[in-house]
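J.: Before I ask anything, let me first share the structure, which is written out below as structure tokens.
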Amino acid sequence: MGLFSTLFGKKKIQGRNKNVFYAQQDELMKQASLDAQTNFKYFWRELYWEQRRIVPAHDFAMVKVPFQQKFSREKETLVEHMWVNNISFNGEVITGELVNQPNRLTNVDKGDIVTRKIDEIGDWMISIKGKTYGGFTIQVMRSGMNDQEREHHDTTWGLDFGDYNEVLLVYEQKEKPENLAEHPMSKNMTEKMSEFLKDNPEELTIIDDDGLSLLHKEAIAGNKIGIKILLEQGADKDIKSGSGKTALEYAEAMGWEHLIEVFE
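Rendered as structure tokens:
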């Protein structure tokens, strides 16, 4: 919370009721975190396809997580919000590596492996060609800055955060809104995926270390085209993962409503 305190310090609340100001900002940050959780599916879909690229497209992809510790000398539990990268996700648990060095916490350290569920994260952000996607809480912070502070913030990060009133979820969202429904790589890989499965039918039944089949993973990532191809090639839509879930159940849990009809 060091950056938050710096940006919304005394300079920003002169002449205002301090308690009201912080209460308003706290509510905005809470809503931003809820929005990040709801839209985490887009973060994972993008990361899912990044893993298949020969040439990486991301500058970085990170998840922000609140860490807390209770000190005997403190009246309240101390909380620090820090970023985690090298993300993996099995449809239930997010795993990654802590990027930041804590300011005051002693129960975690930079480089620690972190696991969280979606409803435990505070934010996520991806940078592609210097432009950010996600960053819900960061846009709340940027909204409280004046033009000079906002420019300094963006220059420090070296990124294009765009309009603080608008959080973009997917690459080229404004130019190609259809990218919200299906990742462009999913469309481009249709023929190759069909050919690959015909030549390697065993891929339909392989279960990975997380207990997931390819059908499960495509459902978690929201790939409608991939799911159609898998089902056409004979994938069992009723196959259950190691945790006892079908691909449809993963799609429903992730909020991929456009996939439901494919399984009917």
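Numbering follows the working numbering, with no gaps: position 194 of the sequence shown is 290. Virtual Cβ for every residue (Gly too), placed ideally from N, Cα, C.
Which value, in whole angstroms, describes the spacing of the CA atoms of residue 196 and residue 209?
T.: Straight-line Cα distance between these residues: approximately 12 angstroms.
J.: By the 10 Å Cβ neighbour count, where 16 or more other Cβ atoms means buried, how is residue 89 classified, buried or exposed?
T.: In the structure as shown, the chain begins at 97 and stops at 360. Residue 89 is therefore absent and cannot be evaluated.
J.: Could you spell out the range, first to last residue, of the beta strand (DSSP E) harbouring residue 227?
T.: Here the beta strand (DSSP E) through residue 227 covers 227-230.
J.: Just to confirm, is the Cβ distance from residue 254 to residue 233 under 8 angstroms?
T.: In this structure, residue 233 does not lie closer than 8 angstroms to residue 254 by Cβ.
J.: Alpha carbon to alpha carbon, what distance is there between residue 258 and residue 231?
T.: Roughly 11 angstroms between the two C-alpha positions.
J.: Consult DSSP for residue 246 and reduce its assignment to one of helix, strand or coil.
T.: The answer is helix: DSSP assigns residue 246 an H, G or I state.
J.: May I have the straight-line CA-CA distance separating residue 273 from residue 265, to the nearest angstrom?
T.: One C-alpha to the other measures close to 10 angstroms.
J.: Mapping DSSP to helix, strand and coil, what is residue 152?
T.: If DSSP states are grouped into helix, strand and coil, residue 152 belongs with coil.
J.: According to DSSP, simplified to helix, strand and coil, what is residue 101?
T.: Reliability fails at residue 101, whose pLDDT of 34 lies under 50, so the model's placement of it is uncertain and the value that follows must be treated cautiously. Helix.
J.: Less than 8 angstroms between the CB atoms is what I'm expecting for residue 235 and residue 204, so what's the real figure, rounded?
T.: That pair is no contact at about 26 angstroms.
J.: Just the Cα atoms here: how many angstroms apart are residue 356 and residue 314?
T.: One C-alpha to the other measures close to 13 angstroms.
J.: Flag this pair as touching only if the region 139-146 and the region 239-252 have three or more C-beta atom pairs under 8 angstroms; answer yes or no.
T.: Output reads no: the region 239-252 does not touch the region 139-146.
J.: Report yes if the C-beta of residue 260 is less than 7 angstroms from at least one heavy atom of the ligand COA; otherwise report no.
T.: By its list of ligands, the structure shown contains no ligand whatsoever, and the ligand COA lies outside what it can speak to.
J.: Take the Cβ of residue 200 as the centre, count every other Cβ of all protein chains shown within 10 Å, and call the residue buried at 16 or more, exposed below.
T.: With fewer than 16 Cβ atoms within 10 Å of its Cβ, residue 200 is classed as exposed.
J.: Enumerated in chain order, which unbroken segments of the beta strand (DSSP E) with a length of 3 residues or greater are wholly contained in the region 182-230?
T.: If we require 3 residues or more, the beta strand (DSSP E) runs fully inside the region 182-230 come out as 190-194, 209-212, 219-224 and 227-230.
J.: What span of residues does the alpha helix (DSSP H) with residue 140 cover, start to end?
T.: Start and end: 136-146.
J.: Kindly say whether residue 174, judged by its beta-carbon, lies nearer than 8 angstroms to any beta-carbon of chain C.
T.: Looking for chain C here will not work: only one protein chain is present.
J.: Which residues share a DSSP beta bridge with residue 176?
T.: 163, per the DSSP bridge assignment.
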